[in-house]
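For the sequence shown, our numbering assigns the number 2 to the initial residue and increments by one for each residue that follows. Glycine included, C-beta positions come from ideal geometry on N, C-alpha and C. First comes the structure, then the notes that go with it.
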Amino acid sequence: MFRELAKTCRLTSGPLAIYPSASCRDAWEALDDDWKSGALAQGQSYLNYLYPQLSATDYMDFFFTGNRVRFEDKYFARRRALDALVLAECTADTGEFLNDIINGIFCICEESGWQLPPHNTYIRDTPQLPLPDSQEPVLDLFACESGSILAATGYLLGDKLDGFSPLIQKRIRRELETRIFHPYLERYFWWMGDGKDPLNNWTVWCTQNVLLCAFLTDIDDALRRRILVKACQSVDYYLDEFGEDGCCVEGASYYRHSGLCLFNIIEILNAVTGNHFASLYQEPKIQNIASYIMNVHIQDLYYANFADCSPVAGRCGVREFLFARRTGNENMAAFAAKDFMKGLPETLLLPQENNLYYRLQNAFTIKEIRSCHEALESASPVSYPDIYYPSAGLFIARDDVYFLTVKAGCNGESHGHNDTGSFIVYKNGFPLLIDVGVESYTKKTFSPQRYEIWTMQSAYHNLPTVRGCMQKDGNAYCAADIQTYFDHSRCEIQMDIAPAYPPNSGLARYIRKAALVKGEGIRLHDSFHLRDNPSDSGSRPDSHVVLSFMTYERPELVQKTDALLFHIGDKGSLRISGGSFLRTETIPITDQRLMTAWKHEIYRILIWAVNEELDICIC
Numbered sequence: 002m003f004r005e006l007a008k009t010c011r012l013t014s015g016p017l018a019i020y021p022s023a024s025c026r027d028a029w030e031a032l033d034d035d036w037k038s039g040a041l042a043q044g045q046s047y048l049n050y051l052y053p054q055l056s057a058t059d060y061m062d063f064f065f066t067g068n069r070v071r072f073e074d075k076y077f078a079r080r081r082a083l084d085a086l087v088l089a090e091c092t093a094d095t096g097e098f099l100n101d102i103i104n105g106i107f108c109i110c111e112e113s114g115w116q117l118p119p120h121n122t123y124i125r126d127t128p129q130l131p132l133p134d135s136q137e138p139v140l141d142l143f144a145c146e147s148g149s150i151l152a153a154t155g156y157l158l159g160d161k162l163d164g165f166s167p168l169i170q171k172r173i174r175r176e177l178e179t180r181i182f183h184p185y186l187e188r189y190f191w192w193m194g195d196g197k198d199p200l201n202n203w204t205v206w207c208t209q210n211v212l213l214c215a216f217l218t219d220i221d222d223a224l225r226r227r228i229l230v231k232a233c234q235s236v237d238y239y240l241d242e243f244g245e246d247g248c249c250v251e252g253a254s255y256y257r258h259s260g261l262c263l264f265n266i267i268e269i270l271n272a273v274t275g276n277h278f279a280s281l282y283q284e285p286k287i288q289n290i291a292s293y294i295m296n297v298h299i300q301d302l303y304y305a306n307f308a309d310c311s312p313v314a315g316r317c318g319v320r321e322f323l324f325a326r327r328t329g330n331e332n333m334a335a336f337a338a339k340d341f342m343k344g345l346p347e348t349l350l351l352p353q354e355n356n357l358y359y360r361l362q363n364a365f366t367i368k369e370i371r372s373c374h375e376a377l378e379s380a381s382p383v384s385y386p387d388i389y390y391p392s393a394g395l396f397i398a399r400d401d402v403y404f405l406t407v408k409a410g411c412n413g414e415s416h417g418h419n420d421t422g423s424f425i426v427y428k429n430g431f432p433l434l435i436d437v438g439v440e441s442y443t444k445k446t447f448s449p450q451r452y453e454i455w456t457m458q459s460a461y462h463n464l465p466t467v468r469g470c471m472q473k474d475g476n477a478y479c480a481a482d483i484q485t486y487f488d489h490s491r492c493e494i495q496m497d498i499a500p501a502y503p504p505n506s507g508l509a510r511y512i513r514k515a516a517l518v519k520g521e522g523i524r525l526h527d528s529f530h531l532r533d534n535p536s537d538s539g540s541r542p543d544s545h546v547v548l549s550f551m552t553y554e555r556p557e558l559v560q561k562t563d564a565l566l567f568h569i570g571d572k573g574s575l576r577i578s579g580g581s582f583l584r585t586e587t588i589p590i591t592d593q594r595l596m597t598a599w600k601h602e603i604y605r606i607l608i609w610a611v612n613e614e615l616d617i618c619i620c
């Protein structure tokens, strides 16, 4: 797809000029007034800024303790400060921010390594080194992004920086050549792809930023072409792993670093080749990748959130809006514009964003997105489809009250949890039965001990534990015999989740059927059969199955006869036939990452199966 177009493209001369440099005063003065005043205020807050010191022991913290936050807080603070100062100077054109900008440029240039400590390794899934080797740069996500920040700074303010000293731009170019261009072209990093190893969001996230480095910087066309050709090869390898349905198996949070980075790659390639890659926007797979984010949106801040995705995955912004426009999806454009407007003022300036190019994109699209929102406010509401993504086994159904999503698929996906067959339910936009998400990343998160972390385990999803056995990780542990049904009144999925459990569970089959009956509620039916186990002699086989139900609001057991009935706070109810109440556990939320989604403790209801069939009603 990309490689074929790369063979016949011609590069335009000069730097990437999707957005104007600071010297184009008319363009900057015509920007949205709220954005300009906010950018100035943000920049002024960083005047005389003392960039945080990054010490060798800060870097080694992850190696010795597994904590990555202490180093990253300082690392990203530097970059956000530089971004804000650059945009303030572009807006004001006064020179008052330049001293702090130059300090920021040199702080980043003087770092021994741009790669984060958890990524400080040359071969995938090998132990990290305690310190960076400045002679052998590692191209990770944030090395590539650091390069793009410096490249964008040089592009935007090149004349002003040269007015101080040509050595500033010379230093930027030298660092890009040493840390980005040379290792990119001369070394192999796993995310570049070889058609064999599995890829993930790293491929397009890194590739996007390498392209920004190359095309925002004054380098020769032969070097640019080599980078473009290699980038197109990587993107094709990445797309080979997507189903035609365009599902992002890593979830809504990572769509921003996956699908949206793919979008920016196409934008960059079009800008430097006279729209030679524009036909890609008509490819069904690309269009499906674009619309994924709208399809997994529940309401307001909430998204369907299997894997390492938070249910609060962030507001949509100009990139979602532009991707929708390019692919001709006006329904999605309206959704993105509405969500952007609801997120103001946070979505206006993106103060927590590290990528300077994204902030630049924001500045020059705000007027368009405001205009679209105003034009569509009186139009029909955004329509969301019921959908099944076969490439990931992701089922989504909704009506005016209920949202149901079920995860079939397997337990071997990138950023995945052991959650095959789990489901999530929202009512009136509020979480009833939840997927907890993931805690702050540590050394353990991406290690062989990953599934010792409670949030990754099936026992902390809406799933059964069988004879004390939880689900196992890996592609072999998956759902089988998946069937789906959709019509205007009922949407349903059925699967056998027994293959997701290890053989010693003795689980012969476990059929889970989940349905949204529109206008009524959600119905689940579980039926299972256990193989005989000599150690179970004298006990009922069904007594070895315990179901977990994860809730956000405190559950109250209000009925035990005939069926169990729980009130989930004042938000809804859970009725279970065929089960016996074991206990309810309260789980405090103390991790910073989880606290962004869950503002108080969550709960786990444990239910014994008293026979081999259970009926569950949620309303």
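Using 8 Å as the threshold, is the C-beta distance between residue i and residue j below it?
| i | j | result |
| --- | --- | --- |
| T421 | Q472 | yes |
| I266 | L323 | no |
| E251 | N201 | yes |
| Y123 | G194 | no |
| D237 | M2 | yes |
| R79 | P53 | yes |
| H418 | H462 | yes |
| C248 | A152 | no |
| R555 | G573 | no |
| E321 | L261 | yes |
| K428 | V467 | no |
| K561 | F63 | no |
| Q43 | L345 | no |
In whole angstroms, what separates the C-alpha of residue i from that of residue j?
| i | j | result |
| --- | --- | --- |
| V611 | G579 | 6 Å |
| G438 | I588 | 14 Å |
| F264 | E557 | 47 Å |
| K600 | S549 | 21 Å |
| R594 | S441 | 5 Å |
| L86 | I106 | 11 Å |
| S22 | M342 | 27 Å |
| V498 | T456 | First, the amino acid is wrong: residue 498 is Ile here, not Val. Approximately 19 Å, taken between the alpha carbons. |
| Y185 | L229 | 11 Å |
| A89 | L281 | 35 Å |
| D221 | I603 | 57 Å |
| A409 | Q283 | 29 Å |
| F365 | I388 | 34 Å |
| L41 | A338 | 24 Å |
| E347 | Y358 | 17 Å |
| E613 | N330 | 46 Å |
| C317 | Q484 | 32 Å |
In this structure, does DSSP put residue i in helix, strand or coil?
| i | result |
| --- | --- |
| R524 | strand |
| N505 | helix |
| A516 | strand |
| T179 | helix |
| I569 | strand |
| N265 | helix |
| E477 | Checking the sequence, you will find Ala at residue 477 rather than Glu. In the structure shown, A477 sits in a strand (DSSP, three-state: E or B). |
| F3 | helix |
| I425 | strand |
| M471 | coil |
| Y511 | strand |
| F529 | strand |
| Y553 | coil |
Assign residue i to one of two classes, buried (16 or more other C-beta atoms within 10 Å of its C-beta) or exposed (fewer than that).
| i | result |
| --- | --- |
| V70 | exposed |
| L361 | buried |
| Q458 | buried |
| W203 | buried |
| P118 | buried |
| H489 | exposed |
| H622 | With the chain running from 2 to 620 in the structure shown, residue 622 is simply not present. |
| D34 | exposed |
| E146 | buried |
| P500 | buried |
| K161 | buried |
At the 8 Å Cβ level, is residue i part of the contact set with chain D, yes or no?
| i | result |
| --- | --- |
| L323 | No chain D appears in this structure, which consists of one protein chain only. |
Residue ranges of each alpha helix (DSSP H) run of no fewer than 4 residues wholly in the stretch 576-618, ordered along the chain?
593-596
Which full runs of the alpha helix (DSSP H) of 4+ residues lie inside the stretch 175-245, going along the chain?
183-187, 202-216 and 222-241
Counting only runs that start and end within the stretch 364-437, where is the alpha helix (DSSP H) found for 4 or more residues in a row?
367-377
Quick check on the DSSP output: what are the complete alpha helix (DSSP H) runs of length 4 or more inside the stretch 23-103, in order along the chain?
26-30, 34-45, 57-66 and 70-93
For the stretch 298-326, list the alpha helix (DSSP H) runs that are entirely contained and at least 4 residues long, ordered along the chain.
none
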